[in-house]
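Written below as structure tokens is the structure these notes are about.
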Amino acid sequence: MSLEDRLDDLEEAFEDYLEEDYPDCKWTRALGEMTLTVPREQLLPVMEILRSNSNLSFEQCIDVCGVDYAAYGHSEWNAENAPNTGFSRGAERELVTEFEAESRFAVVYHLLSLSHNVRLRVKVFLDADYPVVDSVTGIWTSANWFEREAFDLFGILFTGHPDLRRILTDYGFIGHPFRKDFPLVGQVEMRYDEDKGRVVYEPVTIEQRALVPRVVRHDYRYEEGCAVVKEEEQEQADG
Amino acid sequence: MAEIRNYTLNFGPQHPAAHGVLRLVLEMDGEVIERADPHVGLLHRGTEKLAEHKPFNHSIPYMDRLDYVSMMCNEHGYVGAIEKLLGIEVPERAQYIRVMFDEITRILNHLMWLGAHALDVGAMTVFLYAFREREDLMDCYEAVSGARMHAAYYRVGGVYRDLPDQMPRYTKDHLRREKDVKYRNRAREGSLLDFIEDFTERFPGYIDEYETLLTDNRIWKQRLVGIGVVTPERARQLGFTGPMIRGSGIAWDLRKKQPYAAYDKVDFDIPVGSNGDSYDRYLVRVEEMRQSNRIIKQCVDWLKNNSGPVMVGDPKVAPPPREKMKDDMEALIHHFKLFTEGYTVPEGEAYFAVEAPKGEFGCYIISDGANKPYRLKIRAPGFAHMAAMDEMTRGHMLADVVAVIGTMDVVFGEIDR
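Taken in order, these protein sequences are the chains called A and B.
With my numbering, the residue at position 227 of the first sequence is 227, and numbering never jumps.
With my numbering, the residue at position 97 of the second sequence is 336, and numbering never jumps.
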């Protein structure tokens, strides 16, 4: 059975077992992957169905991760004029201030069904002020650490999680480093202080610098009618 | 009667058996583990956040440094996800090269695991044997990429360059005599493929050597049999993948079930355990090395008989040939733009998983249409395995903790990211 067939079956199963009771769940298919978007209140019952219904039976929770959509489509620094004016490596960083507060965060679950050999991505959108969602640790044990990670890096809270502690960052770390408003260089730096005889934390002294020379969103070079591509095609035609 | 209380033992982060930087807080009743609380993150570098600030291509070398004993498999997971987003079909020869190097990587990883695991449990010799063979395989890495470990050989659209016709040789100098040089060069007269073929001829004999040392070894069995038993049901629940789930008797292998690259064109078997204990996982991994050897052989045959491009012709992702850059302005511009600005990837999201030696290694990339990823999430197999530490060690003795860490085959580069 090919991947497409398996996804067709999955879609049928959604129509049979989800659509009626949970009309707000939407699914899309792209690049050979299925994505199911679930409203946050319905997450637990829907996940329970995905896990236990024999036509779906997603036995494994492969991955849970947070996403911060605050800077989606934004560029961190304006470099549009850089080719004309010259480009400074220490470009001014623009902080993300405008974003859709209702759907700033998302929690993305990657589920795998061993019996049907199919994957599913489940997405739950959360708002900026109250990023709280039910924990799925009761359904899949593996979600435990993944949810701790999402809490640590994004500050997303999982209600019902047995042990929601930080996991990857340092003891006593402040902030959630993978949020888009957290600078790449961090907030504090650490050094050993000889006078005090211990490690001390201080505000960072280095400046955030541009690592991407220019964020390109529209690459005209490969569009139709562009000279470069035409030349390439001509060459290929000539052999 | 004196009051008996549990006590807490701190294990690591600097412990030779901690495989890097693992800190375990063990709550113990005498010598029996009541609760194990792994503190990870001591090697957290924020790879995912760093990748969000760079063009796509610039992050490939970061992938080598995640699971630093299975480098090319990590690259495969990353470039695979980008190729999925871009809709690129990789040339067949590049796919075979990728499969061959994925399997070389698997052997590299399993040798490292075997040596370290045996060393933890108390057998010194295997470690030395395993590193002898690792040296040959690292020479293969060096021959194609110039680096022994952190290769950055897989690129979006194929691989960096075709396999070299000449395997690098040792030369005589003030340290090596003529005789030594001749001995070391005995398999290096031909191309890289000849060298690898020679290795695949020799390797099954080497595996027999390891097995002679371990498989029926009384101490080895006493330390592994019945340690860290995971039932199939729990293995699914805990998100196990790779040898960890196969050791519990579930025949799940992405190379077979969801084939990528050229895995559907090569012939191999999936070894499966039956008891789900550390000893079964040992047997599974040893058999996997034999199967990898089989796959490498098939790839060598195919690569010797077929030629073709190893990179897509699309100038958007593939750099122009070096010769062309010498006298062609356009090619020079293309090269410069590609390596500074990169390429834009259409808006969307993709998850691509490969069967890395440790389990399922996946990359989830969200692109907002820019020339850098909006979000990159790395799904490391070791992370889920490490999370099961508490469950696997509970009720075991302190010395078994070391055996369980060994059997999980953890590397903190990928767990902490």
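Positions of the beta carbon are idealized from the N, C-alpha and C atoms, including for glycine.
Exposed unless 16 or more other CB atoms sit within 10 angstroms - verdict on residue i
| i | result |
| --- | --- |
| residue 497 of chain B | buried |
| residue 191 of chain A | exposed |
| residue 326 of chain B | exposed |
| residue 205 of chain A | exposed |
| residue 315 of chain B | buried |
| residue 52 of chain A | exposed |
| residue 421 of chain B | exposed |
| residue 244 of chain B | exposed |
| residue 269 of chain B | exposed |
| residue 513 of chain B | exposed |
| residue 518 of chain B | buried |
| residue 296 of chain B | buried |
| residue 546 of chain B | exposed |
| residue 1 of chain A | exposed |
Same chain only: Cβ atoms within 6 Å of residue i, ignoring 5 sequence neighbours per side
| i | result |
| --- | --- |
| residue 431 of chain B | 382, 402, 403, 406 |
| residue 632 of chain B | 272, 275, 640, 643 |
| residue 484 of chain B | 474, 491 |
| residue 637 of chain B | 270 |
| residue 442 of chain B | 532 |
| residue 548 of chain B | 330 |
| residue 482 of chain B | 520, 523, 524 |
| residue 99 of chain A | 70 |
| residue 469 of chain B | 487, 515 |
| residue 3 of chain A | 32 |
Counterpart residues of residue i in DSSP-defined beta bridges
| i | result |
| --- | --- |
| residue 110 of chain A | A:63, A:121 |
| residue 252 of chain B | Bridge partners of residue 252 of chain B: none, in fact. |
| residue 158 of chain A | A:133 |
| residue 201 of chain A | A:190 |
| residue 173 of chain A | In the DSSP output, where bridge partners are listed per residue, residue 173 of chain A has none listed. |
| residue 126 of chain A | A:105 |
| residue 397 of chain B | B:394, B:550 |
Same chain, Cβ closer than 8 Å to residue i, five either side skipped, listed in chain order
| i | result |
| --- | --- |
| residue 607 of chain B | 586, 613 |
| residue 242 of chain B | none |
| residue 635 of chain B | 271, 272, 466, 467, 643 |
| residue 16 of chain A | 55 |
| residue 6 of chain A | 116, 117, 118 |
| residue 201 of chain B | The first residue shown for chain B is 240 and the last is 656, placing residue 201 of chain B beyond what the model contains. |
| residue 104 of chain A | 68, 69, 70, 126, 127, 128, 131 |
| residue 451 of chain B | none |
| residue 203 of chain A | 187, 188, 189 |
| residue 355 of chain B | 258, 366, 645 |
| residue 176 of chain A | 152, 153, 154, 155, 182 |
| residue 34 of chain A | 7, 10, 11, 27, 28, 118, 119, 120, 121 |
| residue 598 of chain B | 479, 480, 481, 482, 483, 484, 620, 621, 623, 624 |
Nonlocal neighbours in the same chain, by C-beta distance under 7 Å from residue i, ignoring five residues either side
| i | result |
| --- | --- |
| residue 255 of chain B | none |
| residue 310 of chain B | 303, 344, 388, 389, 390 |
| residue 565 of chain B | none |
| residue 75 of chain A | 215 |
| residue 494 of chain B | 502, 594 |
Rounded distance between the beta-carbons of residue j and residue i, thought under 8 Å
| i | j | result |
| --- | --- | --- |
| residue 505 of chain B | residue 523 of chain B | 19 Å between Cβ atoms; not a contact. |
| residue 480 of chain B | residue 620 of chain B | 5 Å |
| residue 583 of chain B | residue 217 of chain A | 6 Å |
| residue 319 of chain B | residue 499 of chain B | 7 Å |
| residue 536 of chain B | residue 439 of chain B | 5 Å |
| residue 111 of chain A | residue 58 of chain A | 4 Å |
| residue 61 of chain A | residue 142 of chain A | 5 Å |
| residue 139 of chain A | residue 152 of chain A | Their Cβ separation, rounded to whole angstroms, is 21 Å, which puts residue 139 of chain A and residue 152 of chain A out of contact at 8 Å. |
| residue 145 of chain A | residue 626 of chain B | 4 Å |
| residue 346 of chain B | residue 628 of chain B | Not a contact, Cβ separation roughly 26 Å. |
| residue 351 of chain B | residue 308 of chain B | 5 Å |
| residue 279 of chain B | residue 305 of chain B | In fact, because the Cβ distance is near 14 Å, the residues do not count as touching under 8 Å. |
Closer than 8 Å to chain C by CB, residue i
| i | result |
| --- | --- |
| residue 178 of chain A | The question asks about chain C, but that chain is absent: this structure's protein chains are A and B. |
Complete alpha helix (DSSP H) runs within the segment 562–596 of chain B (minimum length 4 residues, chain order) | You should have 568–579.
Ignoring anything shorter than 3 residues or poking outside the segment 587–654 of chain B, list the beta strand (DSSP E) runs there in chain order.
-> Listed in chain order, the beta strand (DSSP E) runs fully inside the segment 587–654 of chain B are 587–595, 598–606, 614–618, counting runs of at least 3 residues.
What are the start and end residues of each continuous alpha helix (DSSP H) run of 4 or more residues lying completely inside the segment 20–86 of chain A, in chain order?
-> Complete alpha helix (DSSP H) runs here, min 4: 43–52, 82–85.
Complete runs of the alpha helix (DSSP H) confined to the segment 426–474 of chain B [at least 4 residues] | Secondary structure within the segment 426–474 of chain B: the alpha helix (DSSP H) runs of 4 or more consecutive residues, fully enclosed, are 431–453, 457–463 (chain order).
Can you check the segment 244–299 of chain B for any alpha helix (DSSP H) of at least 4 residues that lies completely inside it and give the ranges in chain order?
-> Correct list: 286–290.
What are the complete alpha helix (DSSP H) segments, minimum 4 residues, inside the segment 297–363 of chain B?
-> Counting whole runs of 4 or more residues, the segment 297–363 of chain B contains the alpha helix (DSSP H) stretches 299–303, 310–325, 331–360.
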